[in-house]
Amino acid sequence: MNQFLLKIFALCLLLASLGSCSAALKPYERQYINDPEMSMTGFSANKFQHYAHAIREGSVTAEGKKGSGGCGCN
Amino acid sequence: MNKRTLLVGSLAFSLLMAKAQNRGKSEFKVKETEVELLYNHYLQNGDNSAVTGGEGTERLTVYGPSFNLKKKLGKNGINFQLGADIISSASTDNIDRIKSSASRLDARSYTSFQYTRYLEKSKMTLSAGLSGSIESDYFSIGKHLGITKTSQNDMQTYSAELQIFNDDLRWGRLDDGFLSEPQFLIYPVELRFQEWYDEYRRDSYNLNLGFTQVLDQRNTIGIFSALSLQKGLLATPFHRIFFSDNSRGVEQFPDERRKLAVSLRWNRFTTGGVILKNKVGLYTDDFGILGLTLDNETAIKLSPKWTLLPSLRYYTQKESKFFAPKGEHDPSEEFYTSDYDLSAVNSITVGMGWRHWPATRKNKGLHNFSFRYFFYSRSNGLRAHTVSTSFNFLKKRKGRERKKKSK
Numbered sequence: 168m169n170q171f172l173l174k175i176f177a178l179c180l181l182l183a184s185l186g187s188c189s190a191a192l193k194p195y196e197r198q199y200i201n202d203p204e205m206s207m208t209g210f211s212a213n214k215f216q217h218y219a220h221a222i223r224e225g226s227v228t229a230e231g232k233k234g235s236g237g238c239g240c241n
Numbered sequence: 190m191n192k193r194t195l196l197v198g199s200l201a202f203s204l205l206m207a208k209a210q211n212r213g214k215s216e217f218k219v220k221e222t223e224v225e226l227l228y229n230h231y232l233q234n235g236d237n238s239a240v241t242g243g244e245g246t247e248r249l250t251v252y253g254p255s256f257n258l259k260k261k262l263g264k265n266g267i268n269f270q271l272g273a274d275i276i277s278s279a280s281t282d283n284i285d286r287i288k289s290s291a292s293r294l295d296a297r298s299y300t301s302f303q304y305t306r307y308l309e310k311s312k313m314t315l316s317a318g319l320s321g322s323i324e325s326d327y328f329s330i331g332k333h334l335g336i337t338k339t340s341q342n343d344m345q346t347y348s349a350e351l352q353i354f355n356d357d358l359r360w361g362r363l364d365d366g367f368l369s370e371p372q373f374l375i376y377p378v379e380l381r382f383q384e385w386y387d388e389y390r391r392d393s394y395n396l397n398l399g400f401t402q403v404l405d406q407r408n409t410i411g412i413f414s415a416l417s418l419q420k421g422l423l424a425t426p427f428h429r430i431f432f433s434d435n436s437r438g439v440e441q442f443p444d445e446r447r448k449l450a451v452s453l454r455w456n457r458f459t460t461g462g463v464i465l466k467n468k469v470g471l472y473t474d475d476f477g478i479l480g481l482t483l484d485n486e487t488a489i490k491l492s493p494k495w496t497l498l499p500s501l502r503y504y505t506q507k508e509s510k511f512f513a514p515k516g517e518h519d520p521s522e523e524f525y526t527s528d529y530d531l532s533a534v535n536s537i538t539v540g541m542g543w544r545h546w547p548a549t550r551k552n553k554g555l556h557n558f559s560f561r562y563f564f565y566s567r568s569n570g571l572r573a574h575t576v577s578t579s580f581n582f583l584k585k586r587k588g589r590e591r592k593k594k595s596k
C-alpha cells in the first residue's frame, strides 16, 4: 500500500504542476467555466445516489462529502 | 474697478474657498439566502441479505425528505441541513428484537451546521461545522474543519477538510421517546446468549484533499483524495454468519481499517451546449477491497431554461479478504463476513433527469428545480431505483449601507 500511495502522490504532483502552464483567463472569458453545471462539487439532487453507492459498495468516494455518520445498513 | 473684473474675481475667489462634499466611504454587503427542499425515494430488492447470513430478501424502501438553508452576509456564511430517512426494511424483521409487522419501520434523522468565513486578501475560505445523526441502533456526532484557497488569478483551487465522526452502535435511543438512554448492542435473536464484542463505539477520521485547475475557457480538471482511519467496532452486530460446520456467529472485523480513495475529474463545456463531466475513481483499503469507478454525467442545455441530465456509472470491486458466502466460513477464522456489499461485484448505474431554471424576478424566487431518476444494477442480483427531486429558492439583496468618514 505504501508504493501505491507514493505513485498516487507523484501523479498528483505532476498534475498539479500542469497548473503553471495555463494562462490566466480574463473575466469575459469565463462564461463557460462559471456555468453552474461545470461545478466540481455537484448538485444536492445527486448526493443521495452517491450516499447509496457508499452504503451498497465497499468503497467510499474521494470527494468525501459525507453529511454524517450513520449505518444505512440492512 | 470694472464690473466684469469684479464679477470674475468674486467667482474665482468663491471657487477657491469652496470645499468638496464629504461623501465618505460606503460599504455594501450582499445578503444571499438560499433554501433547498429535497425529496429522495429509494427502492431496493435482492437476495443476499447480510442479516440472514448472505441469503434472504434485501427488500427496502427509503423515504427521504430534507431541508437545506444557506445564508451569506458579506464574508460570513452559514449552512444548515435537516433531514430524515424513513426506512421500511424486510430484513430488519429477521433481527427479531421487537415483534413487528412484515416490514419494520426505522428512521434515521440527521442535521448539520457549518460556518464559513471568506478572507478577501488571501482568497481563502475557512469553515467549521458540527453534524449528527440518530436512528434506533446508531448515533453519530461529527466535527468538521475545512479550508479552501483560490489562486490570485482564479485558475486553481486547493482544499482540505478534516472530518471526525464518533459513533455509538447501541440500540435504544429511540425506544422510549427521543434520546432515551442507549441499552445494548442488538444481536440476532438466537445469538443473544453472550456478548460478541467488547466495544460499542466506532470512530472515523477522514482527511479530504482537493485541487482543481482551469485549463482553458472550456476545460477544468480536478484531483481529489480521501484518507480514512476507522477504529472500534467496525462490524454490524446483527449480521449473521453461518459456518461450514452449521454453527452460527456474528460478523467479526479487525478493530482498525484504513481507506484511500483518489479520483480524477475532467469537466468540458463542448460546443453545442453539452457539458461532459467525467470521473475515474480508485479505492483501496486494508480489508483487501480494490475498487474502480468510471463515471460520466452529461448536461445537455436544450435552452437557457431547460437542461437534460443523462448519466452512466460503472463500478467494479475485488472482494474483501474476510468475505465468503453463506456456509463457507471456517469456525477457526478470526475475521469473517457474508455481507455482499464487500464481495466481488460489478455494478452499473444509469440515470436520466432534467433541471429547470425559471425566468423569475431578478433576485428572488424559485432559482431552479431538478428531477433525477437512477437505476442501479449489481452483478449479484441487487436492483435499486432512486428518484431525487429538489427545489432551490434564492433571494439576494444589498445589506445595510455603512458610511465611513474619510480622513
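Line order of the protein sequences matches chains A and B. Our numbering applies: residue 168 is where the first sequence begins, and numbers increase by one. Our numbering applies: residue 190 is where the second sequence begins, and numbers increase by one. Cβ atoms here follow ideal geometry from the backbone N, Cα and C, with glycine treated the same way.
Beta carbon of residue i nearer than 8 Å to that of residue j
| i | j | result |
| --- | --- | --- |
| Y304/B | I353/B | no |
| V516/B | S436/B | Val is not the amino acid found at residue 516/B; the sequence shown has Gly there. No; because the gap between Cβ atoms is not below 8 Å, this pair is not in contact. |
| A450/B | A229/A | yes |
| L232/B | F256/B | no |
| A273/B | R297/B | yes |
| D530/B | E196/A | no |
| G242/B | S527/B | yes |
| S579/B | L258/B | no |
| Q402/B | Q341/B | no |
| Y199/A | M205/A | yes |
| I330/B | G321/B | yes |
| R390/B | D343/B | no |
| T473/B | N229/B | no |
| W360/B | D326/B | yes |
Span of the beta strand (DSSP E), counted from its first residue to its last, around residue i
| i | result |
| --- | --- |
| N327/B | Correcting the residue identity first, residue 327/B is Tyr in this sequence and not Asn. Taken as a continuous stretch (DSSP letters only), the beta strand (DSSP E) holding Y327/B covers Y327 to T339. |
| R457/B | E445 to F458 |
| P616/B | Outside the displayed span of chain B (190 to 596) sits residue 616/B, for which this structure offers no information. |
| F597/B | Look at the range of chain B in this structure, 190 to 596, and you will see that residue 597/B is not part of it. |
| M207/A | Counting along the chain, M207/A falls outside any beta strand (DSSP E), and DSSP gives it neither H nor E. |
| K584/B | R572 to K587 |
| M313/B | M313 to E324 |
| I284/B | No beta strand (DSSP E) holds I284/B; DSSP gives it neither H nor E. |
| Q303/B | R293 to L308 |
| T473/B | V463 to D474 |
| E224/B | Note on residue identity: the sequence assigns Val, not Glu, to residue 224/B. Note, V224/B: beta strand (DSSP E), V219 to N234. |
| Q352/B | Q345 to D357 |
| I200/A | Note, I200/A: premise wrong, no beta strand (DSSP E); not H, not E. |
| F512/B | F512/B -> no beta strand (DSSP E), and no H or E assigned at all. |
| L416/B | N408 to G421 |
| F400/B | R390 to D405 |
| W543/B | V534 to H545 |
Span of the alpha helix (DSSP H) around residue i
| i | result |
| --- | --- |
| K214/A | S211 to R223 |
Residue environment, residue i, which counts as buried when at least 16 other CB atoms sit within 10 Å
| i | result |
| --- | --- |
| H428/B | buried |
| H518/B | buried |
| E370/B | exposed |
| K126/A | Within the shown structure, residues of chain A are numbered from 168 to 241, placing residue 126/A beyond reach of any answer. |
| D554/B | Correcting the residue type first, residue 554/B is Gly in the shown sequence and not Asp. So G554/B counts as exposed. |
| L423/B | buried |
| A513/B | buried |
| F215/A | buried |
| Q372/B | exposed |
| G198/B | exposed |
| H545/B | exposed |
| E379/B | exposed |
| L191/B | The sequence given here places Asn at residue 191/B; Leu does not occur at that position. N191/B comes out exposed. |
| A239/B | buried |
| N201/A | exposed |
| L571/B | buried |
| F382/B | exposed |
| D405/B | exposed |
| E247/B | buried |
| E324/B | buried |
| C240/A | Caution is warranted here: a pLDDT of 46 is assigned to C240/A, below 50, making its placement in the model unreliable, and the coordinate value is therefore given only provisionally. Buried, by the Cβ-count rule. |
| L200/B | exposed |
Chain-ordered chain D contacts of residue i [CB-CB under 8 Å]
| i | result |
| --- | --- |
| G480/B | Going by chain labels, chain D is absent from the structure shown, which instead holds the protein chains A and B. |
Near the ligand SAH: residue i beta-carbon under 7 Å from a heavy atom
| i | result |
| --- | --- |
| K260/B | With respect to small molecules bound, the structure shown includes none, and the ligand SAH cannot be examined in it. |
Original post:
Relative to chain A, which residues along the region 487–517 of chain B have a C-beta separation below 7 Å, given in chain order?
Top reply: Hits within the stretch, in order: A488, T496, Y504, Q506 and S509.
**OP:** Answer yes if the region 468–486 of chain B comes into contact with the region 496–513 of chain B, meaning at least three C-beta pairs across the two stretches below 8 Å, and no otherwise.
**Re:** Yes, they touch.
Subject >> Residues of the region 198–209 of chain A whose Cβ lies closer than 7 Å to any Cβ of chain B, in chain order >> reply: If the cut-off is 7 Å between Cβ atoms, the region 198–209 of chain A has Y199, I200, D202, E204, M205 and M207 near chain B.
Original post:
Got a sec: which bits of the region 225–240 of chain B sit with their beta carbon under 7 Å from any beta carbon on chain A, in order along the chain?
Top reply: Going along the region 225–240 of chain B in chain order, one finds E225, L227, N229, Y231 and V240 with a Cβ nearer than 7 Å to chain A.
Subject >> Interface positions of the region 559–584 of chain B facing chain A (Cβ-Cβ less than 9 Å), listed along the chain >> reply: Answer in chain order: S559, F560, R561, F563, Y565, R567, L571, A573, T575, S577, T578, S579 and N581.
**OP:** Indicate whether the contact test is met: 3 or more Cβ pairs, each with one atom in the region 211–220 of chain A and one in the region 561–578 of chain B, closer than 8 Å.
**Re:** The region 211–220 of chain A and the region 561–578 of chain B touch, with no fewer than 3 CB-CB distances between them shorter than 8 Å.
**OP:** Spell out a yes or no on whether the region 410–424 of chain B and the region 438–458 of chain B are touching, meaning 3 or more CB-CB pairs, one atom from each, closer than 8 Å.
**Re:** Contact holds: three or more Cβ-Cβ distances are below 8 Å.
**OP:** Please determine if the region 450–463 of chain B and the region 536–543 of chain B are in contact, where contact requires at least 3 C-beta pairs separated by less than 8 Å.
**Re:** Counting Cβ pairs under 8 Å, fewer than three are found: no touch.
Original post:
Residues in the region 397–425 of chain B with C-beta within 8 Å of chain A's C-beta atoms, listed in sequence order?
Top reply: So the list reads N397, G399, F400, T401, Q402, V403, L404, D405, Q406, R407, T409, I410, G411, I412, F413, S414, A415, S417 and T425, given in the order they occur along the chain.
Original post:
What residues in the region 449–461 of chain B have a beta carbon less than 8 Å from any beta carbon of chain A?
Top reply: Contact residues of the region 449–461 of chain B toward chain A are L449, A450, V451, S452, L453, R454, N456 and F458 (C-beta to C-beta distance below 8 Å).
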